[in-house]
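**Q** Position one of the sequence shown corresponds to residue 462 (our numbering), numbered consecutively onward.
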Amino acid sequence: MKTGTPLVSRSGVELRYSGYDVLVIGGGIAGLTAALGAANRWHVGLITKGALEETTTFLAQGGIAAALGEYDSPDLHFKDTLEAGAGLCDEEAVRVLVEEGPARVRELEKLGAKFDRRGGKLILASEGAHSVPRVVHAGGDATGSVVASALAEVCLSGGRVELHEHEFVVDLLMDEGRCVGAVSLDAEGTLTVSLARAVVLASGGAGQVFAHTTNPLVATGDGQAMAYRAGAVLRDMEFMQFHPTALYAEENPTLLLTEALRGEGAYLLDGAGERFMVGAHPRAELAPRDVVVRHMKRVMERDGIGHVWLDARHLDCAFLRERFPTVYQGLLARGFDLCHEPIPVAPASHYFIGGVLTDGWGRTNIPGLFACGELASTGIHGANRLASNSLLEGLVFGERTVRELNRYLAVSDPAVRKVRLGLADEPRAGNDAALVAETRQELRNVMSDLCGIVRSRDGLEQAAQRLAELEAVLVPPALKVAELELFNLLTVARLMVQSAMVREESRGVHLREDFPERDDVAWRCHVLVQRADESGSPSITVQPLSGGAGR
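1. Decide if E887 is buried, meaning its Cβ has at least 16 other Cβ atoms within 10 Å, or exposed.
2. Could you tell me which whole beta strand (DSSP E) segments of length 3 or greater appear in the segment 783–815?
3. Put T825 into one of helix, strand or coil per three-state DSSP.
4. Where do the N-terminal and C-terminal ends of the beta strand (DSSP E) with L729 fall, by residue?
5. Under the three-state reduction of DSSP, which class applies to M698: helix, strand or coil?
6. If I measure Cβ to Cβ from A924 and keep anything under 6 Å in the same chain, skipping five residues before and after, which residues do I get?
7. For H987, does the three-state DSSP call read helix, strand or coil?
8. Mind listing, in chain order, the continuous beta strand (DSSP E) runs of no fewer than 3 residues lying wholly within the segment 628–655?
9. In chain order, what are the residue ranges of uninterrupted beta strand (DSSP E) at least 3 long that sit wholly in the segment 494–530?
10. Looking only at its chain, what residues have a beta carbon closer than 7 Å to the beta carbon of A741, apart from the 5 residues adjacent to it on each side?
11. Per DSSP, which residues does L543 bridge with? Please list them.
12. With H, G and I counted as helix, E and B as strand and the rest as coil, what does DSSP make of R471?
13. Taking a contact to mean a Cβ-Cβ separation below 7 Å, would you say A611 touches G562 in this structure?
14. Check each candidate in Y689, C778, G734 and name the one with the smallest Cα separation from L771.
15. Does DSSP put D683 in a helix, a strand or coil?
16. Any idea which residues DSSP pairs D893 with across the strands?
17. According to DSSP, which residues form a beta bridge with K582?
18. Of the choices T651, N949, E965, whose alpha-carbon is the least far from that of A688?
19. Taking a contact to mean a Cβ-Cβ separation below 7 Å, would you say G492 touches H842 in this structure?
20. According to DSSP, is Y709 helix, strand or coil?
21. Verify whether the separation of the beta carbon atoms of V559 and P594 is less than 7 Å.
22. I'd like the list of long-range same chain contacts for L928, defined as Cβ closer than 6 Å, with 5 residues on each side in sequence excluded.
23. Bridge partners of T674, per DSSP?
24. Bridge partners of A832, per DSSP?
25. Quick one: complete alpha helix (DSSP H) runs, 4+ long, within the segment 886–955?
26. Which one or two residues does DSSP pair with G480 in a beta bridge?
27. Ordered along the chain, which non-local residues of its own chain (more than five positions away) have a Cβ less than 7 Å from that of M738?
28. Could you check whether the segment 470–486 touches the segment 646–665, counting it as contact only if at least three pairs of C-beta atoms, one from each stretch, sit closer than 8 Å?
29. Pairing CB atoms from the segment 505–516 with CB atoms from the segment 582–596, are three or more of them under 8 Å?
30. Which class does T1002 belong to by DSSP, given the choice of helix, strand or coil?
31. If we call anything under 7 Å between Cβ atoms a contact, is G480 one with L656?
32. Tell me whether the beta-carbon of F785 lies closer than 7 Å to the beta-carbon of G524.
33. If A961 sits next to L1006, beta carbons under 8 Å apart, how far is it from one beta carbon to the other, in whole angstroms?
34. Check whether the segment 785–797 touches the segment 821–838, taking contact to mean three or more Cβ pairs, one atom from each stretch, closer than 8 Å.
35. Which residue marks the beginning of the beta strand (DSSP E) containing L624, and which one marks its end?
36. Give a yes or no on contact between the segment 494–502 and the segment 642–650, applying the rule of three or more CB pairs nearer than 8 Å.
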């Protein structure tokens, strides 16, 4: 059994073995949905790097977009998603999302998620780039925690799913081109080999690759990096969505000020107190996120400041406290009063649109390996995700992955044989903890400065050089999570920079100052990247969108 090129040596550590029909890696909405559904028929293990409440899903504020309203329809949701996606959406995948989404949300309510209602009817909120109010929310602005808690409670009831929290998955296990499990590291330093007939990667995003992010500390691109090492195809790694309204502050992660605030009427102001989005887009503050970020960047550069202002002072204070308790109390704890002063906000890395390439059933190019949620690239987001489509994606494609697992496991081998693990067994001292922390911070600064909101050929070349220099001083890692995270961040950053260098246009969340226009003639394409050989060098290809001209 081989892991491609393993990231670690076992360093004399004894190995523990476990076995499952399905191993799910990641405890957010996609992983919980897949684990819960698969547990109806199969023996399921779920490994999560932290606790379940440390996932990006748990922190999600805005809500879930679905055509549940009287004046809404899947066709309208389809149209809005395509418009936000800036010409790169997979229309078949989007159609699946919008048509299956309402049923998945109703099922979530039956499982115990209590969405906000008024007079017995769901309250539907407005958010950016939606043509009608269609976003359901829970606990005001605590949707993620309500949804994750409901799923986790059902998942764990009666021991349906074997949960392993605070366990870091180091690498996928491969056997003759098939994924047969994963090796993980627990808090005590023990390595566990989890053999499985099928593996579902649902480990979320990689916002920590940037200095200013809304993502939790655990969002270090581990799933993308281990999939790359195993030989999976990754797509559109250049597309990282920056949320327009994160609190401008020196903290990591930074406090997100949900888009629903602007949906309820909050304004974006420049330094002179003027609403700069009025006249910039027909929907003003509720334009697609990439459009808002682009104009924020222009205003900040014009005014020579690092932020703009979010102003909700004209809204009723009692309403703000009730509708946005998480944001209101979070700001108050940091010395800001949402009711009585404008709040400094700046774009922050928020959602990784690129990821492991899958079809509409969660299948990757590797037999036995499935992927869903933010980690996956299904094509539904195109070049810019529509607000509140992320939790919906986890529900819809998590459930579709289960249906494909049922088909796959019904005909696959009944068990994975226990074989010797092909890890080196050499002692590794690893890297000094201070160097690891310093390198991680420098990596985040490099990416924010040179591969952030606006990019250029010169900046991306500098970023590639700086990342290579950072990597060159490191020795192979010891069995320490901080080191392993750093190596994963370096892998994801390198793939992001190289993919961004290839795409010579500005589209959606990818802005090139040296190629400022969208180019549908040459660049209505996806950028694919895959490990080319044992050296780890990436092979990048450009694939025209189905029905598109491409380059």
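No residue lacks a Cβ here, since even glycine has one placed at the ideal position from N, Cα and C.
Nothing here was measured: the structure is a model prediction, and the numbers come from that model.
**A** Straight from the coordinates:
1. In the sequence shown, counting from the first residue as 1, residue 887 sits at position 426. The residue is exposed, with fewer than 16 neighbouring Cβ atoms inside 10 Å.
2. For the segment 783–815, whole beta strand (DSSP E) runs of length 3 or above, ordered along the chain, are 804–813.
3. To locate residue 825, count along the sequence shown from 1; it is residue 364. Correct three-state label for T825: coil.
4. Start at 1 with the first residue of the sequence shown, and residue 729 comes out as number 268. Residue range 728–730 is occupied by the beta strand (DSSP E) that includes L729.
5. To locate residue 698, count along the sequence shown from 1; it is residue 237. In the structure shown, M698 falls within a coil segment according to DSSP collapsed to helix, strand and coil.
6. Here residue 924 is taken as the residue at index 463 of the sequence shown, counted from 1. So the qualifying residues of the chain are V907, L911, C912, V958.
7. Indexing the sequence shown from 1 puts residue 987 at position 526. In the three-state scheme derived from DSSP, where H, G and I count as helix and E and B as strand, H987 is classed as strand.
8. With a minimum length of 3 residues, the continuous beta strand (DSSP E) runs that stay inside the segment 628–655 are 628–636, 639–647.
9. For the segment 494–530, whole beta strand (DSSP E) runs of length 3 or above, ordered along the chain, are 505–508.
10. For this step, residue 741 is matched to residue 280 along the sequence shown. Here the set comprises H756.
11. Along the sequence shown, one-based indexing puts residue 543 at 82. Beta-bridge pairing links L543 to no other residue.
12. On the sequence shown, position 10 is the one that residue 471 refers to. Coil at R471, not helix or strand.
13. Position 150 of the sequence shown, counting from 1, holds the residue named residue 611. Position 101 of the sequence shown, counting from 1, holds the residue named residue 562. No, Cβ-Cβ distance for A611 and G562 is not below 7 Å.
14. Here the question's residue 771 lines up with position 310 in the sequence shown. Of the candidates Y689, C778, G734, the one whose C-alpha sits nearest the C-alpha of L771 is G734.
15. If you number the sequence shown from 1, residue 683 lands on position 222. D683 falls in the helix class under three-state DSSP.
16. Locating residue 893 in the sequence shown gives position 432, where the first residue counts as 1. Paired residue(s): none; D893 is not in a bridge.
17. Here the question's residue 582 lines up with position 121 in the sequence shown. As computed with DSSP, K582 is found in a beta bridge with R579.
18. The residue given as residue 688 occupies position 227 in the sequence shown. Looking from the CA of A688, the closest CA among T651, N949, E965 belongs to N949.
19. The sequence position of residue 492 within the sequence shown is 31, counting from 1. The sequence position of residue 842 within the sequence shown is 381, counting from 1. At the C-beta level, G492 and H842 stay beyond 7 Å of one another.
20. By one-based count along the sequence shown, residue 709 stands at place 248. Three-state result, Y709: coil.
21. Position 98 of the sequence shown, counted from the first residue, corresponds to residue 559. Position 133 of the sequence shown, counted from the first residue, corresponds to residue 594. Pairing V559 with P594 gives a Cβ-Cβ distance that is not under 7 Å.
22. The sequence position of residue 928 within the sequence shown is 467, counting from 1. If we look at L928 and ignore the five residues flanking it on each side, its Cβ neighbours are A954, R955.
23. Translated into the one-based positions of the sequence shown, residue 674 becomes position 213. Checking the DSSP bridge columns, you'll see T674 partnered with S810.
24. Position 371 of the sequence shown holds residue 832. Per the DSSP secondary-structure output, A832 pairs in a beta bridge with L662.
25. Whole alpha helix (DSSP H) segments, 4+ residues: 894–911, 918–933.
26. Counting from one through the sequence shown, the residue named residue 480 turns up at place 19. In DSSP, G480 forms a bridge with L656.
27. By 1-based counting over the sequence shown, the position of residue 738 is 277. Around M738: L729, A745, E746, A748, V753, H756.
28. The segment 470–486 makes contact with the segment 646–665; the number of CB pairs closer than 8 Å reaches 3 or more.
29. Taking a contact to require three or more Cβ pairs closer than 8 Å, the segment 505–516 and the segment 582–596 do not qualify as touching.
30. Working through the sequence shown from its first residue, we reach residue 1002 at position 541. In the structure shown, T1002 sits in a strand (DSSP, three-state: E or B).
31. Along the sequence shown, read from residue 1 onward, the residue named residue 480 stands at position 19. Along the sequence shown, read from residue 1 onward, the residue named residue 656 stands at position 195. Yes, they are a contact pair.
32. Looking up residue 785 in the sequence shown gives position 324. Looking up residue 524 in the sequence shown gives position 63. Between F785 and G524, the gap from beta carbon to beta carbon reaches 7 Å or more.
33. By 1-based counting over the sequence shown, the position of residue 961 is 500. By 1-based counting over the sequence shown, the position of residue 1006 is 545. The C-beta distance from A961 to L1006 rounds to 18 Å, too long to fall under 8 Å, and the pair is not in contact.
34. These segments do not touch.
35. Start at 1 with the first residue of the sequence shown, and residue 624 comes out as number 163. It spans 622–625 - the beta strand (DSSP E) in which L624 sits, taken as one unbroken run.
36. No contact exists between the segment 494–502 and the segment 642–650.
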